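Peer 1:
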Amino acid sequence: MPFIFDSEGWFGYVTMAGSFMATIVVVVLAIALSPAISMVVGGTLFDIAAERVEKKIGAPVARAVPIQQGLLNGLRIALPALALNLLVIPLYFIPVVNAVTFYTLNGFLMGREYATVTAARHMSYQDAVAFRKRHGMSVFMVGFACSLVPFLAPLVGASAMTRLIHSLPR
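Position 117 (the sequence shown) corresponds to 118 in this note's numbering; numbering is contiguous.
Written as structure tokens, this is what we have:
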């Protein structure tokens, strides 16, 4: 038995419009929050995946990263993504601008953070940031590719960024 009874007339139209708007808001929030959620999950497992890739490609052994540091990295990656995605939600309602904004913003954020986390496994954090800035376009392109598949981004990002970091000159 519903709490709000459907009725004839204007109230029926208002409840239908409210239901429609709530559905749109939920869908937009789900889309806006999916990269941040995948970055939290991926950030905790990123180092494990990067270690496997490094072993497979024969890269030098990196520092061991404890799971607590991985979780901290995940939060450090996700919080800016969450804040910026919430900030640009109005742009997600404009056709074409929504797709460009979503993929560009999340590609930048994923590339930026995945490159820093990957490089910091082999150098100091400050050197990792400088390395990321030196190779900005390459880092952005890998992040952009990751943003196309947000829920696979941590796996794709760990693999692609690890290979990229080891292929670029220091």
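All C-beta atoms, glycine included, are put in the ideal place defined by N, C-alpha and C.
Note that the coordinates shown come from a computational prediction; the quantities given were computed from them, not determined experimentally.
(1) Would you say V41 and A84 are within 7 angstroms of each other, going by their C-beta atoms?
(2) Can you give the Cα-Cα distance for I90 and L73, rounded to whole angstroms?
(3) Determine the closest residue to F114 out of F47, A33 and Y104, with distance taken between C-alpha atoms.
(4) Looking only at C-alpha atoms, which of A116, L87 and V27 sits nearest to I166?
(5) Given this structure, state the Cα-to-Cα distance separating E52 from F21, to the nearest angstrom.
(6) Give a yes or no on contact between the region 32-41 and the region 136-152, applying the rule of three or more CB pairs nearer than 8 angstroms.
(7) With distance defined between alpha-carbon atoms, name the residue in G137, V157 and L169 nearest to S39.
(8) For S125, name the three-state secondary structure that DSSP assigns.
(9) Using C-beta distances below 8 angstroms, list every residue in its chain close to V98, excluding the 5 sequence neighbours before and after it, in chain order.
(10) What number of angstroms, rounded off, separates the C-alpha of M2 from the C-alpha of A18?
(11) Cα separation between I68 and A121?
(12) If we call anything under 7 angstroms between Cβ atoms a contact, is F132 one with G108?
Peer 2: The structure says:
(1) no
(2) 26 angstroms
(3) Reading off the sequence shown, one finds Glu at residue 114, where the question assumed Phe. Checking every option, the nearest Cα to that of E114 belongs to F47.
(4) A116
(5) 46 angstroms
(6) Three or more Cβ pairs drawn from the region 32-41 and the region 136-152 lie within less than 8 angstroms of each other, which places the two stretches in contact.
(7) Closest in alpha carbon position to S39, among G137, V157 and L169, is V157.
(8) coil
(9) L92
(10) Reliability of the predicted coordinates at M2 is poor, the pLDDT of 49 falling under 50, and no value is obtained from them.
(11) Rounded to the nearest angstrom, the two C-alpha atoms are 15 angstroms apart.
(12) no
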